[in-house]
Amino acid sequence: MMTVYGYLFLAADREHRVPVADQSSGLAAFAASLGLEVTEICVEEGDSLKKPFRDRPQGGMLFEHLQPGDVVVVLRSEWVLASAGSAVRLLAELRKRRVSLYCADLNENLTLPVERRLVVSEGNQELVRGLLEALAACESSSHGEAIKAAKRRSRRQGRYIGGPVPFGWQVDDKGFLRQRADQQRVIEAIKEMRGAGHSFREIAGRLGDEEGISLSHEGIRRILSADRARKEREQGGASVPAER
0 MMTVYGYLFL
10 AADREHRVPV
20 ADQSSGLAAF
30 AASLGLEVTE
40 ICVEEGDSLK
50 KPFRDRPQGG
60 MLFEHLQPGD
70 VVVVLRSEWV
80 LASAGSAVRL
90 LAELRKRRVS
100 LYCADLNENL
110 TLPVERRLVV
120 SEGNQELVRG
130 LLEALAACES
140 SSHGEAIKAA
150 KRRSRRQGRY
160 IGGPVPFGWQ
170 VDDKGFLRQR
180 ADQQRVIEAI
190 KEMRGAGHSF
200 REIAGRLGDE
210 EGISLSHEGI
220 RRILSADRAR
230 KEREQGGASV
240 PAER
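Position one of the sequence shown corresponds to residue 0 (numbering that gives the first Met the number 0), numbered consecutively onward.
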């Protein structure tokens, strides 16, 4: 006998939760529009959307009980399709078991090819776009956070994370920024001249005339700004390694 399961997801962040009552009534209305009636409800609470559906406590239990002909109904596709890779595997497994997966936000059955083949045509553009947007939202969130975390970690360690190498520094063979002694001396000279009241243009001119160093007045300004920012970071506890 066919069983129609309603899968409810309660986010760990209470601000973004959809109440159980709202989800239940929404699923009942959507199932009725399909000529179905939800007979069992599974509530997933406090787990991560980034975790594959089968690896969640309720999702895994539900999956193990599914039989050919059963139906799973969910309000939002991102609640079951954690990423592109896991979504492909889940849909393939459900299709193999002859289980239907209906997502209300896509208004489609995503598994059985006879009823839900995804065709890129005028009629299915909204479905395809909605599915891709749901997957991209999950993946970009985790991927973007991982990149940001890696950059923050590298920056704290004093590693070079890309972009122009600042004047006064060089990248060693391990990817760390190290002070360049000759250019650090130039920076100290620039700071002394600036402290004595010289303009950026005057400093650039003196460096060219006396040291043969070609720097524009904007270059002088950027060097001083970068040096000031570095010292502020050091005072905040994120020091930059000195030359060894």
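Glycine included, every Cβ here is placed at the ideal spot set by N, Cα and C.
Fewer than three Cβ pairs drawn from the segment 20-31 and the segment 48-58 lie within less than 8 Å of each other, which leaves the two stretches out of contact. Under the three-state reduction of DSSP output, Glu107 falls in the strand class.
Per DSSP, Gly25 is one residue of the alpha helix (DSSP H) stretching across Val19 to Ser32. With 16 or more other CB atoms across the displayed protein chains lying within 10 angstroms of its CB, Glu77 is buried. Within the DSSP secondary-structure output, Val3 pairs in a beta bridge with Val70. Rounded to the nearest angstrom, the gap between the Cα atoms of Arg232 and Arg221 is 16 Å. Taking C-beta separations shorter than 8 Å and ignoring five residues to either side along the sequence, the partners of Ile212 in its chain run Val185 and Leu206, following chain order.
Assignment of Arg179 by DSSP, reduced to helix, strand and coil, places it in the coil class.
Around the beta carbon of Ala180, fewer than 16 other beta carbons lie within 10 angstroms, which makes this residue exposed. Inter-segment contact for the segment 0-13 and the segment 73-89 is present: three or more beta-carbon pairs are separated by less than 8 Å. Beta-bridge partners of Ile40 (DSSP): Gly5.
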